[in-house]
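Note that the UniProt record's numbering has the sequence shown beginning at 1, numbered continuously upward. Glycine is no exception: its CB is placed at the ideal position from the N, C-alpha and C atoms. Contents: one structure, followed by commentary.
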Amino acid sequence: MLEVFSGCTLLNKEFVDPEEALRNKVVGIYFSAGCCPPCRDFTPILCDFYMELVEERDPPAQFEIVFVSSDKSTDDMGDFDSNHKMRREEVNVGFNMWGMPKID
Numbered sequence: 001m002l003e004v005f006s007g008c009t010l011l012n013k014e015f016v017d018p019e020e021a022l023r024n025k026v027v028g029i030y031f032s033a034g035c036c037p038p039c040r041d042f043t044p045i046l047c048d049f050y051m052e053l054v055e056e057r058d059p060p061a062q063f064e065i066v067f068v069s070s071d072k073s074t075d076d077m078g079d080f081d082s083n084h085k086m087r088r089e090e091v092n093v094g095f096n097m098w099g100m101p102k103i104d
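Here's what the structure looks like:
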């Protein structure tokens, strides 16, 4: 999984090295955008799940979610993500998307 983020920097209050932040963890990749109503509905649910699984457990689960934004600008991404505490990937990491991935 780490090779997907090779050469990228993740942002979690400060910039972090993906290899260090994601080593030995199960990693979920969450594609989202502030302009997507279903994403705006689902993100708080996902954040609650993450907080319960990682931040409120002792010991915390070895799990991380990387937020891959499809917003047009860093400002748009920041506006959408300001209330959510998830790692987020600010650059296109080569997922070659044409729309928002979804589970039907």
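From residue i to residue j, what does the alpha carbon distance come to, in whole angstroms?
i, j, result
"Val-68", "Thr-9", "12 Å"
"Phe-42", "Glu-3", "27 Å"
"Glu-19", "Gly-7", "10 Å"
"Met-86", "Cys-39", "Residue placement at Met-86 is flagged as unreliable, the pLDDT there being 46, under the threshold of 50; a coordinate-derived value is accordingly withheld."
"Leu-46", "Tyr-30", "9 Å"
"Phe-49", "Gly-28", "12 Å"
"Pro-37", "Asp-17", "31 Å"
For the beta strand (DSSP E) containing residue i, name the first residue and the last one.
i, result
"Glu-20", "Here Glu-20 belongs to no beta strand (DSSP E); instead the alpha helix (DSSP H) covers 18-22."
"Leu-10", "10-12"
Quick check on the DSSP output: the alpha helix (DSSP H) that includes residue i runs from which residue to which?
i, result
"Leu-46", "37-50"
Can you tell me whether DSSP reads residue i as helix, strand or coil?
i, result
"Glu-3", "helix"
Should residue i be labelled buried (16 or more other beta-carbon atoms within 10 Å of its own) or exposed?
i, result
"Phe-15", "exposed"
"Val-26", "exposed"
Please name the residue, chosen from the options, that lies closest to residue i on a Cα-to-Cα basis.
i, options, result
"Ala-21", "Glu-52, Met-51, Ile-65 and Leu-53", "Ile-65"
"Lys-72", "Arg-57, Ser-32, Leu-11 and Asn-12", "Ser-32"
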